[in-house]
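Everything below concerns the one structure shown next.
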Amino acid sequence: MSEVEKQEAVTNSASEDSGFAVNEYEREPVPETKTKGLKSFVGLFAGEHVAATELLIGPLFVAAGASAFSVLVGLLVGNFLAVTSWTFLTAPIAVKNRLTLYYQLEKIGGPAIIKIYNAANGFLWCCLGGAFIYVSATALFVPFNIPTPAITDWAPKNAGMVVVIAAVGVVFVYMAAKGYDTIAHFANIASPWMAVMFIIFGFSALPELGVKSFSGFWHVANNVVWTGVPAAGAIKFTFWHIVCFAWFGNMAWHIGMGDLSIFRYARKARYGLASAAGMYLGHYIAWITAAFLYAVQLQRNPADTSVVPGPLASRVAGYSGILLVLLAGWTTANPVIYRAGLAFQAIRPKWSRVWVTFVAGALACVVAAFPGFCNRFLSVAMLYGLILMPMGAVIFADHYLVRKIGLVKFYAEKAGKHVYWPPVLAWVCSLLVCVLLWYFAGIQEFFLCLPGWLASGVIYLALSKIMQKPLKSKQVINE
Amino acid sequence: MSNLLRFISFSALALLLVSAVLCAGGRILPDTNRSFILAGTIVWFVVTPIWLRKNK
Numbered sequence: 001m002s003e004v005e006k007q008e009a010v011t012n013s014a015s016e017d018s019g020f021a022v023n024e025y026e027r028e029p030v031p032e033t034k035t036k037g038l039k040s041f042v043g044l045f046a047g048e049h050v051a052a053t054e055l056l057i058g059p060l061f062v063a064a065g066a067s068a069f070s071v072l073v074g075l076l077v078g079n080f081l082a083v084t085s086w087t088f089l090t091a092p093i094a095v096k097n098r099l100t101l102y103y104q105l106e107k108i109g110g111p112a113i114i115k116i117y118n119a120a121n122g123f124l125w126c127c128l129g130g131a132f133i134y135v136s137a138t139a140l141f142v143p144f145n146i147p148t149p150a151i152t153d154w155a156p157k158n159a160g161m162v163v164v165i166a167a168v169g170v171v172f173v174y175m176a177a178k179g180y181d182t183i184a185h186f187a188n189i190a191s192p193w194m195a196v197m198f199i200i201f202g203f204s205a206l207p208e209l210g211v212k213s214f215s216g217f218w219h220v221a222n223n224v225v226w227t228g229v230p231a232a233g234a235i236k237f238t239f240w241h242i243v244c245f246a247w248f249g250n251m252a253w254h255i256g257m258g259d260l261s262i263f264r265y266a267r268k269a270r271y272g273l274a275s276a277a278g279m280y281l282g283h284y285i286a287w288i289t290a291a292f293l294y295a296v297q298l299q300r301n302p303a304d305t306s307v308v309p310g311p312l313a314s315r316v317a318g319y320s321g322i323l324l325v326l327l328a329g330w331t332t333a334n335p336v337i338y339r340a341g342l343a344f345q346a347i348r349p350k351w352s353r354v355w356v357t358f359v360a361g362a363l364a365c366v367v368a369a370f371p372g373f374c375n376r377f378l379s380v381a382m383l384y385g386l387i388l389m390p391m392g393a394v395i396f397a398d399h400y401l402v403r404k405i406g407l408v409k410f411y412a413e414k415a416g417k418h419v420y421w422p423p424v425l426a427w428v429c430s431l432l433v434c435v436l437l438w439y440f441a442g443i444q445e446f447f448l449c450l451p452g453w454l455a456s457g458v459i460y461l462a463l464s465k466i467m468q469k470p471l472k473s474k475q476v477i478n479e
Numbered sequence: 480m481s482n483l484l485r486f487i488s489f490s491a492l493a494l495l496l497v498s499a500v501l502c503a504g505g506r507i508l509p510d511t512n513r514s515f516i517l518a519g520t521i522v523w524f525v526v527t528p529i530w531l532r533k534n535k
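Chains A and B, in that order, give the protein sequences.
Quick note on my numbering: the first sequence kicks off at 1 and runs consecutively.
Quick note on my numbering: the second sequence kicks off at 480 and runs consecutively.
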């Protein structure tokens with residue numbers, strides 16, 4: 001497998017089992033005859049966005065003191081904005097160029113930028129893989145009777161917890177190193193069941209929360225589930241926190257353009273609307289029903305504010321709940337660790353893919369052993385997107401604006417440059433802007449995405465205006 | 480045969496949903512609900528791989 005093929009596999013591995021021949025056409029546009037219909041995209045999004053971390057996010061909204069209105073309405077608005085971003089920003093560029101994120105970035109910034117992107121992506125996937133391992137391991141906390149970490153705990157609380165997390169991690173990493181075919185097949189089987197289980201959580205929790213009728217739901221939602229009182233040490237979430245989290249929770253994929261690799265197969269740009277299936281099933285229903293599980297726990301013991309998915313699901317759905325937590329983490333951790341290994345290997349192709357995957361998995365296991373990481377998952381999810389999102393702004397600016405100000409699109413490719421500095425500097429400087437806004441202006445990470453994205457686009461255009469040199473006549477003819 | 484197996488699989492998922500709705504309405508106890516969910520889960524994971532493999 002060439003370096004380029006590996007890079008493409010990194011972005012595409014999770015989608016292969018969904019019927020998308022995404023490891024093809026890495027260096028050329030997807031032909032019209034190979035495009036797919038709306039149904040394929042609905043299935044893909046519905047499957048990808050019902051994952052293990054939904055069991056963390058829903059309860060963490062409750063722990064952050066969000067009100068019922070903020071959650072129920074804020075998620076509607078935020079998810080609508082996310083769907084809009086996919087439909088009007090990502091999908092049109094994908095359908096117009098029909099190229100992967102990696103190949104477009106390479107054309108804009110040169111091959112060197114892909115290595116930097118892979119390093120960042122690989123590290124972030126390790127962190128995400130750690131969260132999935134932790135969620136799965138919590139399923140085993142119930143049968144092994146392991147004390148759950150408090151919401152304020154950062155370090156592991158006891159040896160038993162570390163042993164269980166390490167054991168789960170070793171199994172997941174071994175399977176990821178072997179390849180993801182088996183678990184991908186298993187994920188296909190489990191996916192519809194998992195979606196139904198999240199709905200079941202909601203219905204099954206209602207009697208324990210004291211909901212006797214439809215009209216009684218609003219009272220319980222306000223006074224039992226989302227009371228508006230934040231847990232110790234948590235940031236108080238307002239309506240706008242919820243809107244921004246729902247909108248930008250997946251920013252690496254929409255405004256960060258990660259899903260160019262998927263939507264290049266769409267017949268029409270409006271297929272971006274298919275993302276609504278994932279958003280409203282995974283990021284609306286699943287987050288709300290996961291919050292119900294947490295509310296049941298608080299109802300039984302108000303002092304127990306720990307956010308530990310295994311025991312939460314077990315209380316309401318018994319053994320099936322434990323199985324859901326285990327499988328939801330497993331089926332998502334496996335491709336993520338596999339992708340992390342490929343991302344690192346793409347930096348230096350001589351490295352063995354198996355050994356690099358083991359190293360990535362070991363890093364993920366270390367992350368998983370620290371419950372504080374998952375207790376702060378709302379911030380972690382935002383940072384994940386923030387770090388990758390500037391490249392989406394560069395692609396957007398290069399696609400729509402570069403020619404309008406008299407510059408050349410895909411400059412690195414046309415000028416034959418190994419590194420074209422404006423996109424690299426736009427990435428670094430926009431992140432610096434975000435850090436400065438966070439540190440000096442006190443703007444929380446949940447609100448930094450839009451300023452960061454805009455800054456990246458503006459910096460890229462400004463630096464391109466300064467640094468782009470006229471192409472030679474042959475290059476201009478090619479253009 | 481494949482269609483029958485597929486029908487059994489999706490019936491199992493339907494059983495999960497019906498059981499949870501009945502539990503929400505107070506018609507069955509939470510423990511009974513948990514048993515139905517477990518039964519539906521077992522049927523789903525036993526039957527679905529068979530027809531999925533045949534389809535492939």
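Note that the Cβ used here is the ideal one computed from N, Cα and C, for glycine as well.
Because the structure is a prediction, the values reported are computed rather than measured.
**Message:** Extract the residue ranges of the alpha helix (DSSP H) inside the stretch 337–419 of chain A, only unbroken runs of 4 or more that lie entirely within it.
**Reply:** 353–368, 371–375, 377–400, 411–415
**Message:** Please return the same chain residues whose Cβ sits closer than 8 Å to the Cβ of L448 (chain A), not counting the five positions on each side in sequence.
**Reply:** M382, L386, C434, L437, W438
**Asked** So, using beta-carbon positions, are F317 (chain A) and F201 (chain A) closer together than 8 Å?
**Response** In the sequence as displayed, the identity of residue 317 (chain A) is Ala instead of Phe. In this structure, F201 (chain A) lies closer than 8 Å to A317 (chain A) by Cβ.
**Message:** Quick check: what's the CA-CA separation for V367 (chain A) versus F80 (chain A)?
**Reply:** 32 Å
**Message:** Taking the beta carbon of S481 (chain B) as the centre, do at least 16 other beta carbons fall within 10 Å, making it buried, or is it exposed?
**Reply:** exposed
**Prompt:** Counting only beta-carbon atoms, is P192 (chain A) nearer than 8 Å to chain B?
**Reply:** yes
**Item:** Residue of A:I133, A:Q468, A:H241, A:P143 minimising C-alpha distance to L363 (chain A)
**Value:** A:I133
**Message:** What does the Cβ neighbour count give for H418 (chain A), buried or exposed, with the cut at 16 atoms within 10 Å?
**Reply:** exposed
**Item:** Classification of Q104 (chain A) by the beta-carbon crowding that lies within 10 angstroms, buried from 16 upward
**Value:** buried
**Prompt:** In angstroms, rounded to a whole number, what distance separates the CA positions of A426 (chain A) and F141 (chain A)?
**Reply:** 45 Å
**Prompt:** Going straight from the alpha carbon of Y284 (chain A) to that of L298 (chain A), what length do you get?
**Reply:** 21 Å
**Simplified DSSP state of A234 (chain A), which is helix, strand or coil** = coil
**Message:** Less than 8 Å between CB atoms is the rule here; does L206 (chain A) satisfy it with respect to chain B?
**Reply:** yes
**Prompt:** Going along chain A, which residues have a C-beta under 8 Å from V525 (chain B)?
**Reply:** Residues of chain A passing the Cβ test: none, with the nearest at roughly 11 Å.
**Request:** My understanding is that A166 (chain A) touches F358 (chain A), with C-beta atoms under 8 Å, so please give their C-beta distance in whole angstroms.
**Result:** Wrong, their Cβ atoms sit about 14 Å apart, outside the cutoff.
**Asked** Could you give the distance in angstroms between the alpha-carbon of C429 (chain A) and the alpha-carbon of L461 (chain A)?
**Response** 13 Å
**Prompt:** Just reading off the alpha helix (DSSP H) that H254 (chain A) is part of, what are its end residues?
**Reply:** From DSSP, H254 (chain A) is part of no alpha helix (DSSP H); its letter is neither H nor E.
**Prompt:** Helix, strand or coil: which one does DSSP assign to T11 (chain A)?
**Reply:** At T11 (chain A), the pLDDT of 44 sits below 50, so the modelled position is not reliable; the number obtained from the coordinates is stated separately. Note: T11 (chain A) maps to helix in three-state DSSP.
**Asked** Using a Cβ-Cβ distance under 8 Å, would L323 (chain A) count as near chain B?
**Response** yes
**Message:** Pop quiz: A369 (chain A) and V162 (chain A) are said to be a contact at Cβ under 8 Å. What is the actual Cβ separation, rounded to whole angstroms?
**Reply:** 6 Å
**Contact set for A112 (chain A): own chain, Cβ-Cβ below 7 Å, skip 5 residues either direction** = H418, V419
**Message:** Rounded to the nearest angstrom, what separates T289 (chain A) and G58 (chain A) at their Cα positions?
**Reply:** 7 Å
**Prompt:** Could you give the C-beta distance for W193 (chain A) and W530 (chain B), rounded to a whole number, given that I count them as a contact under 8 Å?
**Reply:** The pair is not a contact, with the Cβ atoms about 14 Å apart (cut-off 8 Å).
**Item:** Those runs of the alpha helix (DSSP H) which lie wholly inside the stretch 33–119 of chain A and span at least 4 residues
**Value:** 38–48, 54–63, 68–85, 91–97, 101–109
**Prompt:** Can a CB atom of chain B be found closer than 8 Å to the CB of N487 (chain A)?
**Reply:** In the structure as shown, chain A begins at 1 and stops at 479. Residue 487 (chain A) is therefore absent and cannot be evaluated.
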